[in-house]
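**Student:** Structure incoming, see below.
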Amino acid sequence: MKRSRFPLLATLAVLAFLYLPIAFLVANSFNASRYAANWTGFSTKWYQRLTEREDLTTALGTSLKIATYASLAAMILGTTAAFALHRYRSKFQETHRLLVALPLVLPDILMGMSLLLLFVAAGVDLSLLTVTFAHITFCLSYVALVVSARLDGFDFTVLEAARDLGATPFQTFRKIALPLLAPGILSGGLMAFTLSIDDYVVTYFVKGPGTDTLPTLVYSMIKKSKELPVINALSSIMLLVTFAVVAIAQRLTRRGSAGENL
Amino acid sequence: MTGHLIFENVTRRFGSFTAVSDVTLEIQKGECFSLLGPSGCGKTTLLRMAAGFEKPDSGRILLNGKDITALPPDKRPVNTVFQNYALFPHLTVRQNIAFGPKIAKWSKAETGREVDRMLNLVDLTAHADKKPAQLSGGQKQRVAIARALVNKPEVLLLDEPLAALDLKLRQRLLVELDAIHDEVGITFIYVTHDQGEAMSFSDRIAVMNKGKIVQTGPPAEIYETPRSSFVAAFIGDTNFIDGKIIEGTGQAFSRCEVEGLGIISVDNDQPVKTGDKVYLSLRPEKILLSSLKPSAAPLENIISGKVEDVIYFGSHTRYWVRCGDWRICAEVQHRNFLLDEKPPTWNDEVWLRWHANDAFLLDQYREEDEALLTLPETP
Amino acid sequence: MNRRREWLNTAPSFLWLTVFVVLPVLVIFAIAFRPTLGGGGIGDGWSLDAIRSLWDFSYLELLSRTVWISAAVTGLCLLVSLPVAYAMARMTPVWRARVVLLVIVPFWTNFVIRVFAWQQILHAEGWLADRLRDLGILGENDRLLGNAFAVILVSVYTYLPFGILPLFAAAEKFDFGLLDAARDLGAGALRSITTVFLPGIRQGLMTAMIVIFIPMLGSYIVPDMVGGTDSQMIGNKIAQRNFGDRNLPQAAALSAALTLLVIAPMFLKRKKNEA
C-alpha cells in the first residue's frame, strides 16, 4: 500500500506558515527603509536607535522584574498545588483541580477585567504590585500543569527505596526527590517566566497609568505607528533570547527525563 | 519463639479491606523463605510491614527477639529489592550501590571496597558508571540486589524481583539469586505469585490467600500434601475427586465410592470413618496411562476411559480422559518416547492406574478453586 | 493528621485562586448590577441599567460575530492540524520531538510582536498586497488588513499550535494498525480515516476545540490590531467601555455575558464526559 504524501507536505507547509512572519520580522529589522513595504538596503541603524530608547530599556527591566517575582511565587504555589493534586484523592481535591484549571481556560480579557474590578471594588490602587499578583495567578496554573505531568511519570518507590537504604525523610527529600523533580519545577518556572514576559492583555487591564511593561509599551508604539522598525529590531533580539531560553529548557528537560520515559 | 523474623498476630486493613488478617509467622535465620499467593492476597503488604513502609493495625513484628513494629524503614537492619527496581535514575550504578553506605557514613575506603565487591558479586563491574536507563532489565535487577546487599542487612526482602523479566532471564537470575543467598547467608524473604519460582528457590514456602496464610512448609510438602483445594490448585494442576467412604480396609487405607466412577482405594492421610464425605486431590503425573489393561495389584486403582483432549508439551503430554461422569487429567512423561510408537490419541480407549498413596485427602474443598486449574472441566 | 497535611499542601494555591480567580468573577456579576457614575465610577445601590443596555441589536450582532469568527478559527485550525498531527505521529520519535519543538518555538515569540509582523505583511502598501493586485486576485480598493479575513487568518496563525499539539498527543497514542485493519476489511483510505482515525483521536479533538474556541471568544489583540470596525469582537467592546468610556458597570455586564458564553461549552464537555 502506498502511503499518501499529503500529510507530510501539509506539515512542511504549516511549518513554513509558522515561520514566515518571524523571518519577515528579522529581515525587515535590517531594512534601511522606514516603511516595511519597500526594501531600500541593508542597515543596522534600527538596532542603534534601539539602544537610544531609554523607555524600552526601562520597560524591559520592569517586565523582567515582574516575571522574576511572578515565576518564583508561581513555582512555589504551583508545585505545592501539583503535589496536593497528585497525592490526595478527596472531593476537596476535585474542587482544587477545577480551580487550578480555571486560569488555563479563562480568556485573558476576562481575567484582566475581573481582576481590575476586584482591585477597584477593594479600593486597591493599580500598580506593578497588582500586575505581579495577576501574573502569579495565571503562572501558578501553568507551573502546576507542568509539575503534575512530571509527577505522573515519577516513580515514587525510589523515595521508599531511599528510606529503606537508611535515609531520613529529610535526606530522602534532599538527595532524591529534589534532584529528580527540580528540572520539572524549573521548566515550569521557565514557562511561567516567558508567559509573564509575553502577557499584554491582563497587564494592560491591571497596570494603571504611567508604568509600562515591554508588551504594553510596544503595543502603544504600534498603535501610534511610532518607530515601527525599532520594534522589528527589538523583536529580533527577543527572538534570539527566546531561542537561547528554549535551548536551556530543552537541556533541562532532557536531563530530567533521562532514566524515565518523560 | 526463637525465629529470626517473627510476625505475631499481624493485621493490616485499608479502609474496609483487610489486606493481612491475623498472620503469625516465624522465619529462621539464614532461611530462604517465600510468600506465595495470587495478586491481592496480602503477601506484598506483609513484606512492606517487614520493611517498615506499612504499620500493622494490630500485632507485633520481632527481629532477633526485638520489637521493631514502630521503627521507621531507615532504622531497620532490613533492605528491600523492589519489583520495579526503584533505582535512582539520576545516579550511576556505582552511586546507586554506594547510597546506603554514604548515608551510614562509612569511610571512603570501606565504601569503595564494599561497592567494588558488590559490583563483582553481581557481575556489573563493567557497567559501574552507567545510568540505570542504559541498563537492561536483568542488569537493573542486579543493581537493585547489590544496592540492598551492600548494607549487610539482617534480612533481604525481595518483592517479585523477577516479575518484569522474560522467562529465560527469570530462570537464570533465579539461579544467580540462589548462589548469592548461599554466599551471603542472610535471611531472604521472597514474595512471588509464581509457584515455579517459589518452589525452586526456597527452603520453605508460606502460601497466602485472602490475607491469611493457608499452608506453610517445604516446597515438596506443599506440593505433595496440599491441605486445601486452594493450595492443590494454585500450585500445579490436579484432579479433584469427591466420594464417600464405604469401608475402612485396615489401618491405613479405606475404600471410597465415587459417584459415576466406581469404587477406589484411598490413603487415610486424615482420620476418616465410614460414611464420611471426602475430597481428593490427584496430581496428573501420578496417573499411569496405557493402552493395554494393566495387571491388577493391591491398592492400585485401575479405571478405563476414552481420550477427549490431548495437549503436547514437548517434555510431556497431557491427556484429558472421560471416565464415566468424570474427566480426568493424566500426564505422560516422554522418558522413552519413540517416534514410531503410536501414542494414544483422540477417542482411543485407555487405562488409568494410580496407587492409593498418590491421591491426597483434603481438609478443605471449595468449588471456586477449580477455576485456578489450567483446563477446568468443560461443562 | 493526614487531613491537616492535605490542607497545608492545598491551602496556598486554593486560597490564592479563590481570591484572584473565583472572587473576581463573582465581582463581575455584582458590578454588572451597579449604577454608573459619571467619570468612570461605580455608584452605590443596585441598577439594571447596565444589563438592560445589553438588550440592543448591535450587541446581538457583536455576539454572533464573536461566535462565528471563533467557530471559523477553531474549524480551520483543526482542519490544518489534522494532517500535521497524523504526519507527526507516523514519524520516528527523534523527528517527532524535533517537529514538536519547531511548532512550539514561534509560539514562544511575543504574541503582540507576532501579530505586529502580520500587520506589516498584510499592509495595504506591502509587498504581498502589491503582488496580489498585480495578479488581479485583489481588487484595486480591496484590502488585506482591517477585515474579518485578517482577523481569522492571524487568529489561525496564533492558535495553530493549540490545534496541532493536542491532536498529535492523541494521534501518538493511536494504534495505526487499526488503519491497516480497516483497509484490510475493505474500507477506502478516506473512509478508514473518518471511521477509524477520527473517532480514535476524539479526546484530542475535544481538547483542541476547547483550548482554541474558548480563548478565541475573548480575543482582543488580534481584532484590535488587524481587524476593522466590522470585525470587532466582544473583547474589544469590553476594553472600549472600560478604557474609552470609563463605564465599568457596562464593561462588567459585557464581561458577565462573555463569562456565560465561555462556561457553556465547558459544561457541554462535562456532560459529554459523564455520558
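Protein chains in written order, with the numbering used here: chain A, 664 to 925; chain B, 31 to 409; chain C, -17 to 257.
Quick reminder that beta carbons are idealized off the backbone N, C-alpha and C, glycines included.
Any C-beta of chain C sitting closer than 8 angstroms to the C-beta of residue 865 (chain A)?
**Tutor:** For residue 865 (chain A), the answer is no, since every Cβ of chain C falls outside 8 angstroms of its Cβ.
**Student:** Use the C-beta contact count for residue 201 (chain C): other C-beta atoms within 10 angstroms, 16 or more gives buried, fewer gives exposed.
**Tutor:** It counts as buried.
**Student:** Within the 8 angstroms Cβ cut-off, does residue 62 (chain C) reach chain A?
**Tutor:** So yes, residue 62 (chain C) belongs to the interface.
**Student:** Are the region 718 to 737 of chain A and the region 124 to 136 of chain C in contact at 8 angstroms, needing three or more beta carbon pairs?
**Tutor:** Contact fails: fewer than three Cβ-Cβ distances are below 8 angstroms.
**Student:** By the criterion of Cβ-Cβ separation under 8 angstroms, what are the contact partners of residue 224 (chain C) in chain A?
**Tutor:** By Cβ distance, chain A contributes 776, 779, 868.
**Student:** Beta-carbon separation of residue 299 (chain B) and residue 255 (chain B) under 8 angstroms?
**Tutor:** The answer is yes: Cβ separation under 8 angstroms.
**Student:** Does any residue of chain B have a CB that is nearer than 8 angstroms to the CB of residue 815 (chain A)?
**Tutor:** No, its Cβ sits nowhere closer than 8 angstroms to a Cβ of chain B.
**Student:** In the DSSP assignment, what residue or residues form a beta bridge with residue 242 (chain B)?
**Tutor:** Its beta-bridge partners are B:239.
**Student:** Mind checking whether residue 746 (chain A) and residue 869 (chain A) have CB atoms under 8 angstroms apart?
**Tutor:** No, the pair does not count as a contact, with Cβ atoms beyond the cut-off.
**Student:** Mind listing the chain A neighbours of residue 130 (chain B)? Cutoff is C-beta to C-beta under 7 angstroms, in chain order.
**Tutor:** Here the neighbours are 828, 829.
**Student:** For residue 790 (chain A) and chain C, any beta-carbon pair shorter than 8 angstroms?
**Tutor:** No, because no Cβ of chain C sits closer than 8 angstroms to the Cβ of residue 790 (chain A).
**Student:** If distances are taken between C-alpha atoms only, which option among B:242, B:346, B:337 comes closest to residue 73 (chain B)?
**Tutor:** Comparing Cα positions, the closest option is B:242.
**Student:** Quick one: does residue 900 (chain A) have its CB under 8 angstroms from some CB of chain C?
**Tutor:** False, the Cβ-Cβ gap to chain C never drops below 8 angstroms.
**Student:** Going along the chain, which unbroken runs of the alpha helix (DSSP H) with 4 or more residues stay wholly within the region 786 to 861 of chain A?
**Tutor:** If we require 4 residues or more, the alpha helix (DSSP H) runs fully inside the region 786 to 861 of chain A come out as 791 to 815, 820 to 827, 832 to 835, 841 to 861.
**Student:** Look up residue 919 (chain A) in the DSSP assignment and say whether it is helix, strand or coil.
**Tutor:** For residue 919 (chain A), the predicted model reports a pLDDT of 49, less than 50, meaning its position is unreliable and no value from the coordinates is stated.
**Student:** Only counting runs of 3 or more residues, tell me where the beta strand (DSSP E) segments fall wholly within the region 336 to 379 of chain B, in order along the chain.
**Tutor:** The region 336 to 379 of chain B contains these whole beta strand (DSSP E) runs: 346 to 353, 356 to 363.
**Student:** Tell me, please, whether the CB atom of residue 210 (chain B) is closer than 8 angstroms to any CB atom in chain A?
**Tutor:** So no, residue 210 (chain B) is outside the interface.
**Student:** Is DSSP giving residue 409 (chain B) helix, strand or coil here?
**Tutor:** Legend: pLDDT at residue 409 (chain B) = 43, less than 50; position of this residue unreliable, value from coordinates given subsequently. In this structure, residue 409 (chain B) counts as coil in the three-state DSSP scheme.
**Student:** Let me make sure I understand the geometry here. Which of B:266, B:180, B:294 has the alpha-carbon closest to that of residue 402 (chain B)?
**Tutor:** Cα-wise, what sits closest to residue 402 (chain B) is B:266.
**Student:** Quick one: list the residues of chain B neighbouring residue 834 (chain A), beta-carbon separation under 7 angstroms, in chain order.
**Tutor:** Within chain B, the residues near residue 834 (chain A) are 133.
**Student:** Can you pull the chain C residues whose beta carbon is under 8 angstroms from the beta carbon of residue 707 (chain A), in chain order?
**Tutor:** Ordered by position in chain C, no residue passes the 8 angstroms Cβ test against residue 707 (chain A), which lies about 19 angstroms from the chain.
**Student:** Hey, does residue 8 (chain B) have any beta-carbon neighbour from chain A nearer than 8 angstroms?
**Tutor:** Not covered by the structure: residue 8 (chain B). The range shown for chain B is 31 to 409.
**Student:** Evaluate residue 850 (chain A) with the Cβ neighbour count: other Cβ atoms within 10 Å of its Cβ, from every protein chain shown; 16 or more gives buried, anything less gives exposed.
**Tutor:** The residue in question, residue 850 (chain A), is buried, as its Cβ has 16 or more Cβ neighbours within 10 Å.
**Student:** Roughly how far, in whole angstroms, is the beta-carbon of residue 388 (chain B) from the beta-carbon of residue 329 (chain B), given that I think they are within contact range, below 8 angstroms?
**Tutor:** About 10 angstroms separates the two Cβ atoms, so there is no contact after all.
**Student:** Can you name the residues of chain B whose CB is closer than 8 angstroms to the CB of residue 821 (chain A)?
**Tutor:** What residue 821 (chain A) touches in chain B: 116, 117, 118, 119.
**Student:** For residue 399 (chain B), report the span of its alpha helix (DSSP H) as first-last.
**Tutor:** Residue 399 (chain B) -> no alpha helix (DSSP H), and no H or E assigned at all.
**Student:** What span of residues does the alpha helix (DSSP H) with residue 137 (chain C) cover, start to end?
**Tutor:** Segment 130 to 155, the alpha helix (DSSP H) holding residue 137 (chain C).
**Student:** Quick check on residue 397 (chain B): buried or exposed, where buried means 16 or more other Cβ atoms within 10 Å of its Cβ?
**Tutor:** Exposed, because fewer than 16 other Cβ atoms sit within 10 Å of the Cβ of residue 397 (chain B).
**Student:** Here's a check: name, in chain order, each residue in its chain whose Cβ is nearer than 6 angstroms to the Cβ of residue 268 (chain B), leaving out the five neighbours to either side.
**Tutor:** Taken in chain order, the residues that qualify are 262, 311, 313.
**Student:** Identify each residue in the region 674 to 689 of chain A for which the Cβ-Cβ distance to at least one residue of chain C is less than 8 angstroms, and report them in chain order.
**Tutor:** Listed by position, the residues of the region 674 to 689 of chain A near chain C (Cβ gap below 8 angstroms) are 674, 677, 678, 680, 681, 682, 683, 684, 685, 687, 688.
**Student:** Three Cβ pairs or more, each shorter than 8 angstroms: is that satisfied between the region 668 to 680 of chain A and the region 61 to 72 of chain C?
**Tutor:** In short, these stretches touch, since the Cβ pair count reaches three.
**Student:** Just to make sure I have the definition right: I need the residues of chain C whose C-beta is within less than 8 angstroms of the C-beta of residue 894 (chain A). Which are they?
**Tutor:** Those are 95, 98, listed as they occur along chain C.
**Student:** Determine the burial state of residue 85 (chain B): buried for a count of at least 16 other Cβ atoms within 10 Å of its Cβ, exposed for fewer.
**Tutor:** The residue in question, residue 85 (chain B), is exposed, as its Cβ has fewer than 16 Cβ neighbours within 10 Å.
**Student:** Within its chain, find whatever has a CB closer than 8 angstroms to the CB of residue 97 (chain C); leave out the 5 residues flanking it on each side and keep chain order.
**Tutor:** Hits under 8 angstroms: 136, 140, 203, 204, 207, 208.
**Student:** Using a Cβ-Cβ distance under 8 angstroms, would residue 753 (chain A) count as near chain C?
**Tutor:** So yes, residue 753 (chain A) belongs to the interface.
**Student:** Apart from the five residues just before and just after residue 25 (chain C), which ones in its own chain have a Cβ nearer than 7 angstroms to its Cβ?
**Tutor:** Within the same chain, residue 25 (chain C) has close Cβ partners 16, 17, 18, 19.
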